[in-house]
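Engineer:
Numbering (the numbering used here), first residue to last: 806 to 1134.
(1) Mind checking which residues open and close the alpha helix (DSSP H) that includes residue 1086?
(2) Can you tell me whether residue 1028 is buried or exposed, with buried defined as 16 or more other CB within 10 angstroms of its CB?
(3) Looking at residue 1093 and residue 1072, is the spacing between their C-beta atoms short of 8 Å?
(4) Which complete beta strand (DSSP E) runs does the region 851-904 hold, if anything under 3 residues is left out?
(5) Mind checking residue 944: buried by the 16 CB within 10 Å criterion, or exposed?
(6) Could you check if residue 864 is buried or exposed, using at least 16 other CB atoms within 10 Å of its CB as the buried criterion?
(7) So is residue 923 buried or exposed if we call it buried at 16+ other beta carbons inside 10 Å?
(8) Return the CA-CA distance between residue 892 and residue 993, expressed in angstroms with no decimal places.
(9) Have a look at 1020, 1084 and 980 and flag the residue whose alpha-carbon is nearest the alpha-carbon of residue 998.
(10) Decide if residue 1120 is buried, meaning its Cβ has at least 16 other Cβ atoms within 10 Å, or exposed.
(11) Using a Cβ-Cβ cutoff of less than 8 Å, which residues in the same chain neighbour residue 845 once the five nearest sequence positions on both sides are dropped?
(12) Are there three or more Cβ pairs, one per stretch, closer than 8 Å when the region 1057-1066 is compared with the region 1120-1130?
(13) Could you give the distance in angstroms between the alpha-carbon of residue 1204 and the alpha-carbon of residue 819?
(14) Are residue 1007 and residue 1068 closer than 8 Å when you measure CB to CB?
(15) Going by DSSP in three states, residue 1080 sits in which element: helix, strand or coil?
(16) Does the beta-carbon of residue 982 have 16 or more other beta-carbons within 10 angstroms, so that it is buried, or is it exposed?
(17) Look at the Cβ atom of residue 1048, then the Cβ atom of residue 1030, and state whether they are nearer than 8 Å.
(18) Rounded to whole angstroms, what is the Cα-Cα separation between residue 868 and residue 876?
(19) Using a Cβ-Cβ cut-off of 7 Å (strictly less than) and excluding sequence neighbours within five positions of residue 899, which residues of its own chain qualify?
(20) In this structure, does DSSP put residue 1126 in helix, strand or coil?
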């Protein structure tokens, strides 16, 4: 209870200090001549934000890159080792499987999330207003829980009990009802089934987010273009694929990229469900294990650098795509 109270105090103090800072800066800026004010005002207000980004994002990133080329001793001293940490990481037996797993996450999760979110959004927009609200609330609800909480829920879906016992896992209950034997699903490595079962959790969590954005995009499609399609005799499918989809494509791409970045750095679900066992490990978990469990800072930072190199190009593309979309509006 005391920790909660302390955290609440910190939040309130942070908000109060931020508000006071902007109030004082606003007072200060109005003391300057109008010409100077117009030039300085934007930097005054974005300055604290840029400072926080530099302190909590850019600086740790640069430190991670630096430490990836170092070996840290027990006393905290560091020695330059060049690319040795990367070579050690590449030489691990699990490295190839880890990369394949990550590639599967970024190939499967974003596509299925967008498809599912788009399907739900289109269906929800075609029902009554009251039903639409209920429908969307149900599908958005998973977004309100953490990844670890979602993993706990899905543990009960994938749970295993020996044959002859009551199956509390929904999947095994259905499987045994169809005549099959109960399965320890996360130990099935054939066709990467265990990894796919983990991906389903992230898709379930992200589909609501995709649905909300895509639903808003669908509602923004001009009605006259839809009416023109109906007058021309277009079917429901033709209207969707040839009129609606092209107009909401920028939003679909933005959702895809956002989910893609989340899939790249997935960690919580894997750790909570399998701990990375049975060839389900991913890059972000390797960082966690190397840094917090094995105390190998250099190798952990090497994993982080690989993750950064994978994410940055996607983020750059997202920014460019957004600017292009805004310029075309």
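Each residue gets a CB set at the ideal place from its N, CA and C atoms; glycine is no exception.
All values reported here derive from a predicted model rather than from experimental measurement.
Structural biologist: Taking the definition as stated:
(1) Counting along the chain, residue 1086 falls outside any alpha helix (DSSP H), and DSSP gives it neither H nor E.
(2) exposed
(3) yes
(4) 875-877 and 883-885
(5) buried
(6) exposed
(7) buried
(8) 30 Å
(9) 1084
(10) exposed
(11) 834 and 837
(12) yes
(13) Past the edges of the chain, shown from 806 to 1134, lies residue 1204, and the structure says nothing about it.
(14) yes
(15) coil
(16) exposed
(17) yes
(18) 13 Å
(19) 1086
(20) helix
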